[in-house]
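Participant: In terms of the UniProt record's numbering, the sequence shown is residues 1 to 558. The beta carbon of each residue, even a glycine, is placed where N, CA and C say it ideally should be.
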Amino acid sequence: MGDIDYQALEFAYQPCADQGSGAPVRHSIVIVGAGPVGLTTALDLARQGCRVVVLDDDCRLSTGSRAICFSKRTLEIWDRLGVGQRMVDKGVSWNVGRVFFGEGEVCHFDLLPENGHRRPAFINLQQYYAEGFLLEAVQAEPAIELRWKNKVTGVQALADGVRLSIETPDGGYSLQADWLLACDGARSPVRKLLGQEAHGRIFKDRFLIADVKMTAPFPAERWFWFDPPFHPNQSVLLHRQPDDVWRIDFQLGWNADPVEAVKPANVLPRIRALLGPQARFELEWVSVYTFACERMDSFRHGRVIFAGDAAHRVSPFGARGANSGVQDAENLAWKLRLVLDGLAPDSLLDSYAVERELAADENILNSSRATDFITPKSDNSRHFRNAVLNLARRHPFARGLINSGRLSLPSRYDGSPLNTEDSDVFTGGMLPGSVAADAPIETDAGPGWWLQQLDSAFSLVLFCGNAPPMAAWLADLKTVAANPLAPRILLVRPAGSFWPAPAGLSCVTDVQGVLRQRYDATPGTCYLIRPDQHIAARHRSPDAETLRRALARAAGHA
């Protein structure tokens, strides 16, 4: 059976029960926007037992490839939601990038140079596939109601929620929500209805995207050219996608006419200059874009919370847009679920804003620097850039100055109010606020991966020695696990140890020692890991009270 043509799908408008009621019906969570961020958020919440209504003013998925580079962290999030493997199976995996200047290669880099990770640094996958796979998972969730052709036309803040006015083909209706999550894109109607704005910088340059279907010998790598002979004084980016489709980005300059630039008579010569006059290809999709680096001043406004491009957007260089939006969803879902369940104070949602605004600032900084390097706006900037590229051919120090887009990495939430700062000495990168690193492990069911063990709950991880852990350690862990937040206990055996798991506890084996090395773990070391797989605390041989305090802090109980 062939692939579904997700770009051709149209979803029928269906009247809902709310439209026939008198007073507005109240829902717990309403999400506006059925793109990658809205669908990921809805799926995460539903998997944690929340009921969700998703509103979208359209009846189709994305057309054109749009966002195509999905990072290792995004794949790990989608793994937790049960859709990661499908993305990887369809996508084109890659780790290597190459940078060219003029006619020759300047340098190359490997974004995942070490073994012991389940997922590649990136996959390339057209956005309509990502949305289609997420949509099918959403459609299988009875806790999610998806309403097409439901356009939000009014937002009114209430003391304990939000009232929405909605237009449909059958006319208008109203509903109320305890929480409104705005995942409705860069132009965000919800943001405008609230009178909010995003502030930042618009870059005066234009780029042409051309999706080209062809059979080509190029490897599955990211190729970036500065001032190539086939497109002088500009830059070009080449990526391979599934289905023998290749993404080519051509810098055009600010004075390019976007209407003329997309005409085949102007697009085809650019592609032939790159591929050669005899190349055979078909043009699938063409678009011209400018870009901005901007964000809202605050991502939370009472009971309305913004995520994805509605809250922040960046230039496409570095693949930070969609990936950051999916990480917004991951950060938000578990916190909202705890608040709804009465297990955390409302202020826990303020930490969403704190952490994701920090991440947005980091992405905007990296994206702005990349754009300034790629598109210098003065002679001095251009001379500096070209000198760096020339030096980099022979001198490694200069390669670190090249910026063709610092590619997306998960943000570390330094200074988050949910972190318990280290009181013991550790080495390595697993600081509080960092995302947990993956590693190969062995379970009773066979080989597996560490992040597969970390579900949507808190996890207390105890690294053990060659003998079962002392009874006092287990008693402390079980005392903490009795908390209403119900953290899961995970025991980690070293390689070569075969002692059985204590009754009622989960145990895995660090078969290659990678887990201990990455977490700088000795027997008795304990980690508290959040439901979004970020490190909340780490200690050497902590007592129950220390762990209780760390758990309370991680759930927003100051």
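Bridge partners of C107, per DSSP?
Facilitator: As a first step, residue 107 must be located in the sequence shown, where it is residue number 107. Paired residues: V99.
Participant: Leaving out five residues on either side along the sequence, give the residues of the same chain with a beta carbon under 6 angstroms from the beta carbon of E362.
Facilitator: By one-based count along the sequence shown, residue 362 stands at place 362. Contacts found: S411.
Participant: Helix or strand or just coil, what does DSSP make of Y173?
Facilitator: On the sequence shown, residue 173 is found 173 positions in, with the first residue counted as 1. The answer is strand: DSSP assigns Y173 an E or B state.
Participant: So, under 8 angstroms CB-CB, F224 and G97 are touching, yes? Tell me the CB distance rounded to an integer number of Å.
Facilitator: As a first step, residue 224 is located in the sequence shown; it is residue number 224 there, counting from the start. As a first step, residue 97 is located in the sequence shown; it is residue number 97 there, counting from the start. Their Cβ separation, rounded to whole angstroms, is 7 angstroms, which keeps F224 and G97 in contact under 8 angstroms.
Participant: Measuring alpha carbon to alpha carbon, tell me which residue in Q176, I248, T63 and V326 is nearest V25.
Facilitator: Position 25 of the sequence shown holds residue 25. Comparing Cα-Cα distances from V25 to each of Q176, I248, T63 and V326, the minimum goes to Q176.
Participant: Unbroken alpha helix (DSSP H) runs of length 4 or more, entirely within the stretch 19-87: which are they?
Facilitator: 36-47 and 72-80
Participant: Look at the alpha carbon of residue 578 and the alpha carbon of L391, and state the distance between them as a whole number of angstroms.
Facilitator: There is no way to answer for residue 578, as the model of the chain reaches only from 1 to 558.
Participant: Quick one: is R247 buried, meaning 16 or more other Cβ sit within 10 Å of its Cβ, or exposed?
Facilitator: Counted from its first residue, the sequence shown places residue 247 at position 247. Under this definition R247 is a buried residue.
Participant: Take the Cβ of R320 as the centre, count every other Cβ of all protein chains shown within 10 Å, and call the residue buried at 16 or more, exposed below.
Facilitator: Here residue 320 refers to the residue found at position 320 of the sequence shown. Buried is the call here.
Participant: Kindly list the residues whose CB is nearer than 7 angstroms to the CB of R382, restricted to its own chain and excluding five residues on each side of it in sequence; keep chain order.
Facilitator: Within the sequence shown, numbered from 1, the residue matching residue 382 stands at position 382. Hits under 7 angstroms: P376.
Participant: For the candidate residues C526, D532, L401 and L181, whose alpha-carbon lies nearest to that of R548?
Facilitator: One-based indexing of the sequence shown puts residue 548 at position 548. For R548, the nearest C-alpha among the options comes from C526.
Participant: For the alpha helix (DSSP H) holding Y519, just list the boundary residues, first then last.
Facilitator: In the sequence shown, residue 519 corresponds to position 519, counting from 1. Element bounds for Y519: V514 to Y519.
Participant: According to DSSP, what are the bridge partners of C16?
Facilitator: Stepping through the sequence shown from its first residue, residue 16 is reached at position 16. None, per the DSSP bridge assignment.
Participant: Can you tell which of E141, Q327 and M214 has the C-alpha that lies nearest to the C-alpha of V53?
Facilitator: Mapped onto the sequence shown, residue 53 falls at position 53. Out of E141, Q327 and M214, E141 has the C-alpha closest to the C-alpha of V53.
Participant: Taking the alpha carbon of R530 as the reference point, which residue from V267, N419, F226 and G185 has its own alpha carbon closest?
Facilitator: As a first step, residue 530 is located in the sequence shown; it is residue number 530 there, counting from the start. Closest in C-alpha terms to R530, from the list V267, N419, F226 and G185, comes N419.
Participant: Can you tell which of E260, A521 and L135 has its C-alpha closest to the C-alpha of F426?
Facilitator: Working through the sequence shown from its first residue, we reach residue 426 at position 426. F426 has its Cα closest to that of A521, out of E260, A521 and L135.
Participant: Report all residues from its chain with a CB closer than 6 angstroms to the CB of S71; omit the five preceding and five following residues, and keep chain order.
Facilitator: Along the sequence shown, read from residue 1 onward, the residue named residue 71 stands at position 71. Closer than 6 angstroms at the Cβ level, and outside the excluded window around S71, lie F122, N323 and S408.
Participant: Under a Cβ-count criterion, where at least 16 other Cβ atoms within 10 Å of its own Cβ denotes burial, should I4 be classed as buried or exposed?
Facilitator: Counting from one through the sequence shown, the residue named residue 4 turns up at place 4. Classification for I4: exposed.
Participant: Quick one: give me the first and last residue of the beta strand (DSSP E) that T215 is part of.
Facilitator: Taking the sequence shown and counting its residues from 1, one reaches residue 215 at position 215. Counting along the chain, T215 falls outside any beta strand (DSSP E), and DSSP gives it neither H nor E.
Participant: Less than 8 angstroms between the CB atoms is what I'm expecting for A333 and V37, so what's the real figure, rounded?
Facilitator: In the sequence shown, residue 333 corresponds to position 333, counting from 1. In the sequence shown, residue 37 corresponds to position 37, counting from 1. That pair is no contact at about 11 angstroms.
Participant: How long is the line joining the alpha carbons of D543 and I29, rounded to whole angstroms?
Facilitator: By 1-based counting over the sequence shown, the position of residue 543 is 543. By 1-based counting over the sequence shown, the position of residue 29 is 29. Taking the straight line joining both Cα atoms gives about 38 angstroms.
Participant: Among C107, P169, R86 and W499, which one has its Cα closest to the Cα of E221?
Facilitator: For this step, residue 221 is matched to residue 221 along the sequence shown. The shortest C-alpha separation from E221 is found at C107.
Participant: Our contact map puts S287 next to V262 with C-beta atoms below 8 angstroms; I'd like the distance itself, whole angstroms only.
Facilitator: Along the sequence shown, one-based indexing puts residue 287 at 287. Along the sequence shown, one-based indexing puts residue 262 at 262. Right, the Cβ-Cβ distance comes to about 7 angstroms (below 8 angstroms), so this counts as a contact.
Participant: In angstroms with no decimal places, state the Cα-to-Cα distance between M1 and A23.
Facilitator: The residue given as residue 1 occupies position 1 in the sequence shown. The residue given as residue 23 occupies position 23 in the sequence shown. Note that M1 scores 37 on pLDDT, short of 50, meaning its location in the model is unreliable and no value can be drawn from it.
Participant: Using a Cβ distance threshold of 8 angstroms, determine whether the stretch 429-446 contacts the stretch 336-344, with at least three qualifying pairs required.
Facilitator: no
Participant: Assign I68 to one of two classes, buried (16 or more other C-beta atoms within 10 Å of its C-beta) or exposed (fewer than that).
Facilitator: Locating residue 68 in the sequence shown gives position 68, counting from the first residue. Label assigned to I68: buried.
Participant: Could you give the residue range of the alpha helix (DSSP H) that holds E260?
Facilitator: In the sequence shown, the residue the question calls residue 260 occupies position 260. First-last of the alpha helix (DSSP H) with E260: P258 to A261.
Participant: Using DSSP's beta-bridge definition, name the partner residues of F374.
Facilitator: Along the sequence shown, one-based indexing puts residue 374 at 374. It should be pointed out that residue 374 corresponds to Ile in this sequence rather than to Phe. Bridge partners of I374: none, in fact.
Participant: Taking the CB atoms as reference points, tell me whether Y6 and G132 lie closer together than 7 angstroms.
Facilitator: By 1-based counting over the sequence shown, the position of residue 6 is 6. By 1-based counting over the sequence shown, the position of residue 132 is 132. Cβ distance < 7 angstroms, so Y6 and G132 count as in contact.
Participant: In or out: F498 buried (at least 16 other Cβ within 10 Å) or exposed?
Facilitator: Against the sequence shown, residue 498 aligns to sequence position 498. Its Cβ having fewer than 16 others within 10 Å, F498 is exposed.
Participant: For my contact list, T153 and I166 are in at a C-beta cut-off of 8 angstroms; report their separation, rounded to the angstrom.
Facilitator: Here residue 153 refers to the residue found at position 153 when the sequence shown is read from its first residue. Here residue 166 refers to the residue found at position 166 when the sequence shown is read from its first residue. With a Cβ gap of about 7 angstroms, T153 and I166 count as contacting.
Participant: To the nearest angstrom, how far is the alpha carbon of P15 from that of D58?
Facilitator: Against the sequence shown, residue 15 aligns to sequence position 15. Against the sequence shown, residue 58 aligns to sequence position 58. Cα-Cα distance, rounded: 15 angstroms.
Participant: Does DSSP put G496 in a helix, a strand or coil?
Facilitator: For the purposes of this step, residue 496 is taken as residue 496 along the sequence shown, with counting starting at 1. Reduced to three states, the DSSP call for G496 is coil.
Participant: Return the chain-ordered list of same chain residues with a C-beta closer than 7 angstroms to the C-beta of D414, the five sequence neighbours on each side being excluded.
Facilitator: Against the sequence shown, residue 414 aligns to sequence position 414. Closer than 7 angstroms at Cβ, skipping near neighbours: G433.
Participant: Let's see if you can read the secondary structure: which residues bound the alpha helix (DSSP H) around K149?
Facilitator: Here residue 149 is taken as the residue at index 149 of the sequence shown, counted from 1. No alpha helix (DSSP H) contains K149, which DSSP labels as neither H nor E.
Participant: Take the Cβ of D422 as the centre, count every other Cβ of all protein chains shown within 10 Å, and call the residue buried at 16 or more, exposed below.
Facilitator: One-based indexing of the sequence shown puts residue 422 at position 422. Flag for D422 reads exposed.
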